[in-house]
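Reading through the structure tokens given below for one structure.
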Amino acid sequence: MEEHRPSQNEIKRKVSIDGIQEEHLVLLIKDKMENISLSHCISKVPEEHFKGNHQNYNPTLVSIGPFHHAKHSLREMEAHKWHYLNTLFSRKQNSEETLSNCLKTLRRLEEKARKCYGGNMDMESDKFVQVMLLDACFIIELFFAYSIKGLRRRDDPCFSSNERFFHIRCDLILLENQIPFFILQQLFQLVPIPRECSYSLQELTFRFFRKLIPGGAETPQVRSSANVLHILDLIRQSYLPTSQELHSKIGQTELKNAQHLQKSGINFKRANRESLMNLEFKNGVLKMPALTIHNYTETLFRNFITFEHCCGQQTKHITSYALLMICLLKSKNDIKLLQQKGIMDVGTHKHEEILNLFRNFPIDLSIRDFYYKGLFEKINCHKSIKSKVVLVCGK
């Protein structure tokens, strides 16, 4: 019996079906991978991280997202959110159509957005979509008003005093007070943009938080907005090292304080690099970019550290940097040394405040997650060789 040979059409059909099946599988796997990365990226702060520091985790003036929505102490700003929403949509004549498109988009993204929040999210659907719309539009209009001063009203409570603006800016960097960045990005593409604005959403965000960005850069290097989880994560990414992690043979999390290292023959030098965390040790010199301590530092670092702790960040970069500074700063003299080298700018803060700030950070770090283990090993190895040379010479 003659063997059946498939025709060209049959072959093409099979290839087409196989291609469709493979595309479907690729999309399925990508969706699962995305859900894992998004899962619980906005979580409740663990009780052990609070320890009398509620003011660094709870919003003072404005709630963003579902966790602090409808709190009595934050009601004043709710009315202003509606005013901002009206201002934003009034820039286009057919505001109803724009609103309808925004709501359709939010309905489509609702399930994905809910997955971003850790714990039980039992807020009913209409309320959840309304919170996403109102809070995202508030943030977008706030960014417009900050970057384009001509858009501000004289009686705008967000800009009525430096203290008030400070608290609003602080509230927007709290882990529990976030909405997914893809919600902001999608609505930014739908709402009317003022004629005076030529910035992207990412650029507007960095302009608003410029004081918190290392080096005060308006457009720091961030890998891709597609990988940004929320505003806190976007700011965090501007801190991340651009250099490769040093290889470690044994892994070390112990390092002597700055003064002790200097006495052991290790010198400190300020490095002019964009990333705060790009440290380099070479020929007995530890090069460190300058760290500026400001009124946002404790709140920002605490929420960075808690985010890395709660949301499955593999290498805990910010936590690693905090541990590095805890090791280096054991006394006021250590701070003075780094100040003299131009590595620390503490402003009006007292040295004891700085020491307590780092000592009280909730550090929970394994060797595997520690970014500077190779650096610590290299410094400690240099110290060991140096001391052996001194001993041999002294004999």
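Letter by letter, the sequence shown follows residues 795 to 1189 of the numbering used here. Cβ coordinates follow ideal geometry from the N, Cα and C atoms, glycine included.
Compare the beta carbon distance of residue i and residue j with 8 Å and say whether it is the shorter of the two.
{"i": "GLU1026", "j": "ASN1097", "result": "Reading off the sequence, residue 1026 comes out as Leu, not Glu. Closer than 8 Å, so yes."}
{"i": "LYS1057", "j": "LYS1135", "result": "no"}
{"i": "HIS843", "j": "THR1142", "result": "no"}
{"i": "ASP1128", "j": "THR1086", "result": "no"}
{"i": "SER1125", "j": "ASN1051", "result": "yes"}
{"i": "TYR1033", "j": "LEU1080", "result": "no"}
{"i": "VAL923", "j": "LEU897", "result": "yes"}
{"i": "ILE973", "j": "ALA930", "result": "yes"}
{"i": "ILE977", "j": "ALA907", "result": "yes"}
{"i": "LYS886", "j": "PRO986", "result": "yes"}
{"i": "PHE960", "j": "PHE953", "result": "no"}
{"i": "HIS834", "j": "CYS1105", "result": "yes"}
{"i": "GLU891", "j": "GLY944", "result": "no"}
{"i": "LEU1028", "j": "TYR851", "result": "no"}
Report the residue from the options whose alpha carbon sits nearest the alpha carbon of residue i.
{"i": "GLY1049", "options": "HIS1103, SER1069, LEU1117 and ARG908", "result": "A small correction: the amino acid at residue 1049 is Leu; Gly does not occupy that position in the sequence shown. Residue LEU1117 is the option with its Cα nearest to LEU1049."}
{"i": "PHE1164", "options": "LEU893, LYS1135, ARG901 and HIS1111", "result": "HIS1111"}
{"i": "ASN895", "options": "GLN983, THR1047, GLY846 and LYS906", "result": "GLN983"}
{"i": "ASP1168", "options": "ILE1120, LYS1076 and SER1125", "result": "In the sequence as presented, Asp is not what sits at residue 1168; that position holds Gly. Here the closest residue by C-alpha is LYS1076."}
{"i": "VAL1030", "options": "PHE922, THR1093 and LEU879", "result": "Residue identity check: residue 1030 is Arg in the sequence provided, not Val. Closest option to ARG1030, Cα to Cα, is THR1093."}
{"i": "CYS1121", "options": "ILE1157, GLU1039 and HIS1088", "result": "ILE1157"}
{"i": "TYR1090", "options": "HIS1024, GLU1171 and ILE1148", "result": "ILE1148"}
{"i": "LEU966", "options": "LEU1159, VAL856 and ARG869", "result": "VAL856"}
{"i": "PRO951", "options": "GLU970, GLU872 and LEU900", "result": "GLU872"}
{"i": "ILE1137", "options": "PRO1083, ARG946 and GLU841", "result": "PRO1083"}
Pull up the distance between the alpha-carbon of residue i and that of residue j, whole angstroms please.
{"i": "LYS1180", "j": "THR999", "result": "For LYS1180, the predicted model reports a pLDDT of 46, less than 50, meaning its position is unreliable; a value from the coordinates is still stated below. Each residue's alpha carbon lies about 47 Å from the other."}
{"i": "HIS877", "j": "LEU928", "result": "10 Å"}
{"i": "ALA1065", "j": "ASN1021", "result": "28 Å"}
{"i": "SER955", "j": "CYS1175", "result": "52 Å"}
{"i": "HIS862", "j": "LYS1172", "result": "46 Å"}
{"i": "LEU1185", "j": "GLY1059", "result": "Low confidence applies to LEU1185: its pLDDT is 33, below 50, so where it sits in the model is not reliable, and the reading given next is rough at best. Rounded to whole angstroms, LEU1185 to GLY1059 spans 14 Å at the Cα level."}
{"i": "GLU1102", "j": "THR1109", "result": "8 Å"}
{"i": "SER1114", "j": "LEU1159", "result": "8 Å"}
{"i": "ASN880", "j": "LEU1023", "result": "27 Å"}
{"i": "PHE1002", "j": "ARG807", "result": "54 Å"}
{"i": "PRO1035", "j": "GLY1009", "result": "14 Å"}
{"i": "GLU1074", "j": "LEU1151", "result": "25 Å"}
{"i": "MET926", "j": "ARG1153", "result": "37 Å"}
Classify residue i: buried if its beta carbon has 16 or more other beta carbons within 10 angstroms, exposed otherwise.
{"i": "LYS1189", "result": "Because LYS1189 carries a pLDDT of 40, less than 50, the predicted location of this residue cannot be relied on, and the following value inherits that uncertainty. So LYS1189 counts as exposed."}
{"i": "GLN996", "result": "buried"}
{"i": "ARG963", "result": "buried"}
{"i": "HIS866", "result": "exposed"}
{"i": "PRO853", "result": "buried"}
{"i": "ARG1067", "result": "buried"}
{"i": "GLU870", "result": "exposed"}
{"i": "LYS1182", "result": "Legend: pLDDT at LYS1182 = 37, less than 50; position of this residue unreliable, value from coordinates given subsequently. When all chains shown are included, LYS1182 counts as exposed."}
{"i": "ILE1161", "result": "exposed"}
{"i": "SER1190", "result": "This structure cannot settle anything about residue 1190, because the visible part of the chain is limited to 795 through 1189."}
{"i": "LYS921", "result": "exposed"}
{"i": "SER919", "result": "exposed"}
{"i": "PRO840", "result": "exposed"}
Determine the extent of the alpha helix (DSSP H) in which residue i is found, giving its start and end residues.
{"i": "PHE1164", "result": "Careful: PHE1164 lies outside any alpha helix (DSSP H) and carries neither H nor E."}
{"i": "MET1082", "result": "Careful: MET1082 lies outside any alpha helix (DSSP H), inside the beta strand (DSSP E) at 1079 to 1082."}
{"i": "LYS943", "result": "Here LYS943 belongs to no alpha helix (DSSP H), and DSSP marks it neither H nor E."}
{"i": "ASP1128", "result": "1126 to 1134"}
{"i": "THR854", "result": "THR854 -> no alpha helix (DSSP H), and no H or E assigned at all."}
{"i": "HIS1103", "result": "1091 to 1104"}
{"i": "ASN1150", "result": "1145 to 1153"}
{"i": "GLN996", "result": "995 to 1002"}
{"i": "ALA907", "result": "889 to 908"}
{"i": "MET1119", "result": "1111 to 1122"}
The beta strand (DSSP E) that contains residue i, what's its start and end?
{"i": "GLU1074", "result": "1074 to 1076"}
{"i": "PHE1062", "result": "1061 to 1064"}
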